[in-house]
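Everything in the sequence shown is counted per our numbering, starting at 388 for the first residue and increasing by one.
Before any comments, here is the structure.
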Amino acid sequence: MSLGDKAKEVIRSANTILEGMAVTFSHMLREPITIQYPDRTEKPVTQMLQKRFRGLLEVQLDICIGCKRCEKACPINCIAVELSKDAETKKMMISRFDIDVSKCMFCGLCAEVCASEATGAIRHTREFEAACGTLDALVFRYVEPGHPVPLYKAPKDKSEIPVGEAGPHAREARERALRDNPATFAELRKPKTEAAPAESAG
Ligand code: SF4
Ligand code: SF4
388 MSLGDKAKEV IRSANTILEG MAVTFSHMLR EPITIQYPDR TEKPVTQMLQ
438 KRFRGLLEVQ LDICIGCKRC EKACPINCIA VELSKDAETK KMMISRFDID
488 VSKCMFCGLC AEVCASEATG AIRHTREFEA ACGTLDALVF RYVEPGHPVP
538 LYKAPKDKSE IPVGEAGPHA REARERALRD NPATFAELRK PKTEAAPAES
588 AG
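Have a look at this one:
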């Protein structure tokens with residue numbers, strides 16, 4: 388290689404390094420795109436979500452007619468609804484309403500069918516925090532075991548169906564799920580009990 392070629396090679400290498408450094412330095416002066424979650428956001432994250440954001444599902448049991456349309460509409464069987472008859476009053480009750488959030492793909496079909504053909508009792512909220520230590524804690528049980536709730540009798544005029552605030556039912560169900568399914572890592576961190584004394588030989 389001639390001296391001239393070597394000089395060109397050196398200049399090209401220096402240009403490449405300078406270009407790379409220029410990109411690096413330009414990023415140092417820009418506003419960061421990522422944000423620190425959750426304590427350094429200008430306003431609550433739930434207020435910054437897109438309008439049609441589909442968060443955790445929730446069920447307003449007080450307006451659920453137990454029609455099971457949501458259960459049938461779910462393509463991956465996340466929802467389990469069971470009805471039973473009260474032995475005293477002979478009225479039909481909802482004895483189970485579980486949603487397995489670990490399987491849910493947030494497609495919205497269950498909420499859509501309920502809003503269009505029933506009462507809108509199941510819906511997506513703007514809640515999204517569901518991290519937990521066990522898969523079982525992602526099964527949200529809207530009916531507490533042993534406490535069935537009566538079926539809602541919907542009025543003919545749909546505008547009379549009460550629509551509560553979205554979110555509290557999902558938060559309550561999640562808290563119950565966490566309480567009933569303590570995280571395995573919390574179990575592992577418990578102090579070890581003293582080892583039982585070894586049985587004497589003989
Ligand atoms: S949540 Fe809606 S679709 Fe599902 S059982 Fe209740 S009323 Fe029917
Ligand atoms: S959002 Fe979709 S996947 Fe999730 S429970 Fe409803 S129908 Fe099933």
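Every residue gets a Cβ at the ideal spot worked out from N, C-alpha and C, and that includes glycine.
Being a predicted model, the structure only gives us computed values, none of them experimental.
Item	Value
Neighbourhood of GLY551 by C-beta, 7 Å cutoff - its chain only, sequence neighbours within 5 removed	GLN447
Those runs of the beta strand (DSSP E) which lie wholly inside the segment 420-484 and span at least 3 residues	444-446 and 466-472
Bounding residues of the alpha helix (DSSP H) (the contiguous stretch that carries PHE412)	390-415
Boundaries of the alpha helix (DSSP H) in which ARG513 is found, first to last residue	Looking at the DSSP string, ARG513 is not in any alpha helix (DSSP H), and its letter there is neither H nor E.
Cβ-heavy atom distance, CYS465 to ligand 2, below 7 Å	yes
Between the CA atoms of PRO569 and ALA588 - distance to the nearest angstrom	Low confidence applies here, because ALA588 scores a pLDDT of 43, under 50, leaving its location unreliable and the question unanswered by this model.
Nearest neighbour of THR433, chosen from LEU565, HIS511 and PHE572 [CA to CA]	HIS511
Cβ-heavy atom distance, ARG528 to ligand 1, below 7 Å	no
Cutoff 6 Å; reference GLU586; Cβ partners in own chain excluding five residues on either side	Confidence at GLU586 is low in this model, with a pLDDT of 48, below 50, so the placement of that residue should be treated as unreliable; the coordinate-derived value is given next. Contacts found: none.
Given LYS478 as reference, the closest of VAL536, ARG399, GLY554 and SER413 once Cα atoms are compared	VAL536
Local conformation of VAL500 per DSSP, three classes	helix
C-alpha gap between PHE493 and ALA508, whole angstroms	16 Å
Neighbour-count burial assignment, HIS556, 16 or more Cβ in a 10 Å radius	buried
Exposure label - VAL397; buried when at least 16 CB within 10 Å	exposed
Residues bridged to VAL526 (per DSSP)	ASP487
GLU586 (DSSP reduced to helix, strand or coil)	Legend: pLDDT at GLU586 = 48, less than 50; position of this residue unreliable, value from coordinates given subsequently. The answer is coil: DSSP assigns GLU586 none of H, G, I, E or B.
Cβ neighbour criterion (16 or more within 10 Å) applied to CYS443	Before going further, note that residue 443 is Leu rather than Cys in the sequence given. Counting Cβ neighbours within 10 Å, LEU443 comes out buried, since at least 16 surround it.
Buried/exposed call for ASP567, threshold 16 Cβ in 10 Å	exposed
PRO549 versus PHE484 - alpha carbon distance	20 Å
LEU525 CB to nearest heavy atom of ligand 2 below 7 Å	no
GLU445, buried or exposed, once every other Cβ within 10 Å from all chains shown has been counted against 16	buried
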